[in-house]
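Peer 1:
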Amino acid sequence: MDSTPDFRFRLAPPFGTVVTAMVTPFDPSGQLDLDGARDLAGWLTRDGWNDGLVVNGTTGESITTTDAEKTAMVSTVAAAVGGRATVIAGVGVADTQHSIDLAQAAAEAGADGLLVVAPYYCRPSQAGLLRHFTAVAESTSLPVMLYDIPKRTGVAISRETFAAAAQHPQIVAVKDAKGDLASSSWVMRHTDLTYYSGDDMLNLPLLSIGATGFVSVVGHVAADLLRHLQRCHQQGRTVQAAGIHRQLLAIYEGMFRAPAAASVKAALAMQGLPGGSVRLPLLDLDDAESRQLSLDLAESGIPDRVMPARAMVSAEATVYQSGGARPVLSLRLP
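So the sequence shown is numbered by the working numbering: it starts at 1 and just counts up by one.
See the structure below:
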């Protein structure tokens with residue numbers, strides 16, 4: 001029997017390599033800030049940064065946004081990126097029919113793909129998970145990324161369920177935040193699902209076992225460093241990849257000391273970018289938490305400010321427009 005590992009990786013990752021799970025900007029009154037969403041999407045997909053954006057995910061506070069707000073976010077971000085990046089709509093809720101409704105609305109609004117998390121709280125059986133995923137996949141023609149994060153949902157997607165789901169032609173990828181490298185390795189070995197790290201701290205370890213890229217929170221402030229990390233690993237420059245990983249440790253930790261949406265919005269505010277406040281039950285960072293996050297950014301070589309004003313961002317911009325040059329993040333590599 002041939003024991004050679006079967007690395008059936010997709011030659012063209014379906015959603016790109018570096019993808020950021022984007023926040024949902026709110027205005028000072030707590031309402032959806034579509035101008036901010038447009039500007040932020042344009043900034044995050046400028047040249048050398050993100051290949052794609054997830055909207056209406058956990059970091060996008062999807063629990064507290066209405067269906068109409070979710071659809072508006074998809075259409076606004078899709079228009080802002082203008083086809084230069086993929087737009088993946090989070091449509092996972094605890095009710096299958098509601099997920100189908102969100103998927104169909106996202107498809108009509110211009111999404112390029114769907115992110116479907118395991119239904120939370122109800123803790124369905126593995127058979128129920130599979131039927132849920134296939135029902136959502138069959139409701140549109142869009143490719144689907146499954147999201148495995150049992151610490152939030154209460155149920156893990158088993159490797160056998162992944163293998164069965166992979167038989168569906170529209171289920172093409174996984175956002176992996178389970179932290180079980182053995183299970184992930186098995187699925188990569190036995191399916192051609194494209195794997196994305198959904199836990200920034202495990203970006204490099206998941207690359208090492210076959211992941212393609214990232215669906216990141218830290219990508220809001222360091223997508224170019226993540227891209228460099230991925231390329232170094234791909235090219236066999238393991239020392240450099242490890243150096244970038246270690247450089248980013250402070251912000252990997254800092255973004256998750258508080259709920260990530262609050263941390264990201266604080267970091268964006270430090271950089272003059274739109275985001276606004278979070279909605280209850282989340283709370284904005286207090287002064288002490290903000291100071292610590294600023295130190296985390298500095299320790300990882302990420303400047304506190306990259307834009308003098310929000311007006312510097314346009315939906316069409318792909319390069320930094322203040323003084324003609326984008327700031328270069330310092331790389332403290334060994």
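Here a beta-carbon is modelled for each residue, glycine too, at the ideal position from N, C-alpha and C.
DSSP on Ala177, reduced to helix/strand/coil?
Peer 2: In the sequence shown, the residue the question calls residue 177 occupies position 177. If DSSP states are grouped into helix, strand and coil, Ala177 belongs with coil.
Peer 1: If contacts are defined as beta-carbon pairs under 8 Å, then Val18 and Asp51 qualify, I think. What distance do you get, rounded to the angstrom?
Peer 2: The sequence position of residue 18 within the sequence shown is 18, counting from 1. The sequence position of residue 51 within the sequence shown is 51, counting from 1. Yes, they are in contact, since the Cβ atoms of Val18 and Asp51 sit about 5 Å apart, within 8 Å.
Peer 1: At what residues does the alpha helix (DSSP H) containing Thr64 begin and finish?
Peer 2: Locating residue 64 in the sequence shown gives position 64, where the first residue counts as 1. Per DSSP, Thr64 belongs to no alpha helix (DSSP H) and is neither H nor E.
Peer 1: Are Arg38 and Thr71 close, meaning C-beta to C-beta below 8 Å?
Peer 2: Start at 1 with the first residue of the sequence shown, and residue 38 comes out as number 38. Start at 1 with the first residue of the sequence shown, and residue 71 comes out as number 71. The answer is no: Cβ separation not under 8 Å.
Peer 1: How many Å lie between Cys232 and Ala241 at the Cα?
Peer 2: As a working mapping, residue 232 is identified with position 232 in the sequence shown. As a working mapping, residue 241 is identified with position 241 in the sequence shown. Cα to Cα, Cys232 sits roughly 5 Å from Ala241.
Peer 1: Between which two residues does the alpha helix (DSSP H) holding Ala111 run?
Peer 2: The count along the sequence shown starts at 1 and reaches residue 111 at position 111. Looking at the DSSP string, Ala111 is not in any alpha helix (DSSP H), and its letter there is neither H nor E.
Peer 1: Rank Pro119, Leu207, Gln170 by C-alpha distance to the C-alpha of Thr153 and give the top, closest one.
Peer 2: Start at 1 with the first residue of the sequence shown, and residue 153 comes out as number 153. It is Pro119 whose Cα lies nearest to the Cα of Thr153.
Peer 1: From Ile244 to Thr140, what does the alpha carbon distance come to, in whole angstroms?
Peer 2: Counting from one through the sequence shown, the residue named residue 244 turns up at place 244. Counting from one through the sequence shown, the residue named residue 140 turns up at place 140. The alpha-carbon atoms of Ile244 and Thr140 are separated by roughly 39 Å.
Peer 1: Suppose you measure from the CA of Asp296 to the CA of Leu114; what does that come to, to the nearest Å?
Peer 2: Counted from its first residue, the sequence shown places residue 296 at position 296. Counted from its first residue, the sequence shown places residue 114 at position 114. Rounded to whole angstroms, Asp296 to Leu114 spans 32 Å at the Cα level.
Peer 1: Are the CB atoms of Val81 and Val116 within a distance shorter than 8 Å?
Peer 2: Counted from its first residue, the sequence shown places residue 116 at position 116. Counted from its first residue, the sequence shown places residue 81 at position 81. No.
Peer 1: Can the beta-carbon of Val87 be found closer than 8 Å to that of Leu53?
Peer 2: Working through the sequence shown from its first residue, we reach residue 87 at position 87. Working through the sequence shown from its first residue, we reach residue 53 at position 53. Yes, the Cβ-Cβ distance between Val87 and Leu53 is below 8 Å.
Peer 1: Does the separation of the CB atoms of Leu129 and Val174 fall below 8 Å?
Peer 2: Position 129 of the sequence shown, counted from the start, is the residue given in the question as residue 129. Position 174 of the sequence shown, counted from the start, is the residue given in the question as residue 174. Contact flag unset, no.
Peer 1: Distance, Cα to Cα, Glu138 vs His132?
Peer 2: Translated into positions along the sequence shown, residue 138 becomes position 138. Translated into positions along the sequence shown, residue 132 becomes position 132. If I take the Cα positions, the gap works out to 10 Å.
Peer 1: Tell me the start and end of each unbroken alpha helix (DSSP H) in the region 14-47 that is at least 4 residues and wholly inside, in chain order.
Peer 2: Here the runs fully enclosed are 34-44.
Peer 1: With respect to the alpha helix (DSSP H) encompassing Asp296, which residues constitute its N-terminal and C-terminal limits?
Peer 2: Here residue 296 corresponds to residue number 296 of the sequence shown, with the count starting at 1. Taken as a continuous stretch (DSSP letters only), the alpha helix (DSSP H) holding Asp296 covers 287-299.
Peer 1: Going along the chain, which residues of its own chain have a beta-carbon closer than 6 Å to the beta-carbon of Arg155, five neighbours each way excluded?
Peer 2: On the sequence shown, position 155 is the one that residue 155 refers to. The amino acid at residue 155 is misidentified as Arg; the sequence shows Val. Within the same chain, Val155 has close Cβ partners Ala118, Arg123.
Peer 1: Measuring straight from C-alpha to C-alpha, what distance separates Pro271 and Ala211?
Peer 2: What you label residue 271 is simply residue 271 of the sequence shown in a count that begins at 1. What you label residue 211 is simply residue 211 of the sequence shown in a count that begins at 1. Residue 271 is actually Gln in this sequence, not Pro. Straight-line Cα distance between these residues: approximately 30 Å.
Peer 1: Quick one: using the 10 Å Cβ neighbour count with 16 as the cut-off for buried, is Ala258 buried or exposed?
Peer 2: Within the sequence shown, numbered from 1, the residue matching residue 258 stands at position 258. Ala258 comes out buried.
Peer 1: The beta strand (DSSP E) spanning Phe214 covers which residue range?
Peer 2: Taking the sequence shown and counting its residues from 1, the one referred to as residue 214 is at position 214. Its beta strand (DSSP E) spans residues 213-216.
Peer 1: Between which two residues does the beta strand (DSSP E) carrying Gly90 extend?
Peer 2: Counting from 1 along the sequence shown, the entry for residue 90 is found at position 90. Note, Gly90: beta strand (DSSP E), 86-90.
Peer 1: Beta-carbon separation of Ala89 and Val55 under 8 Å?
Peer 2: For the purposes of this step, residue 89 is identified with residue 89 of the sequence shown, where counting begins at 1. For the purposes of this step, residue 55 is identified with residue 55 of the sequence shown, where counting begins at 1. Yes, Cβ-Cβ distance for Ala89 and Val55 is below 8 Å.
Peer 1: Is the CB-CB distance between Gln230 and Gly301 below 8 Å?
Peer 2: Translated into positions along the sequence shown, residue 230 becomes position 230. Translated into positions along the sequence shown, residue 301 becomes position 301. No.
Peer 1: What span of residues does the alpha helix (DSSP H) with Ser197 cover, start to end?
Peer 2: As a first step, residue 197 is located in the sequence shown; it is residue number 197 there, counting from the start. It is not in any alpha helix (DSSP H) - Ser197 instead sits in the beta strand (DSSP E) that spans 194-197.
Peer 1: In or out: Glu160 buried (at least 16 other Cβ within 10 Å) or exposed?
Peer 2: Reading the sequence shown from its first residue, position 160 is the one you call residue 160. Exposed.
Peer 1: In this structure, does DSSP put Gly83 in helix, strand or coil?
Peer 2: What you label residue 83 is simply residue 83 of the sequence shown in a count that begins at 1. Residue state, collapsed to three classes: coil.
Peer 1: By how many angstroms is the C-alpha of His168 removed from the C-alpha of Asp112?
Peer 2: Taking the first residue of the sequence shown as position 1, residue 112 is located at position 112. Taking the first residue of the sequence shown as position 1, residue 168 is located at position 168. Cα to Cα, Asp112 sits roughly 18 Å from His168.
Peer 1: If you draw a straight line from the alpha carbon of Ala109 to that of Ala78, how long is it in whole angstroms?
Peer 2: Position 109 of the sequence shown, counting from 1, holds the residue named residue 109. Position 78 of the sequence shown, counting from 1, holds the residue named residue 78. Those two C-alpha atoms are separated by around 8 Å.
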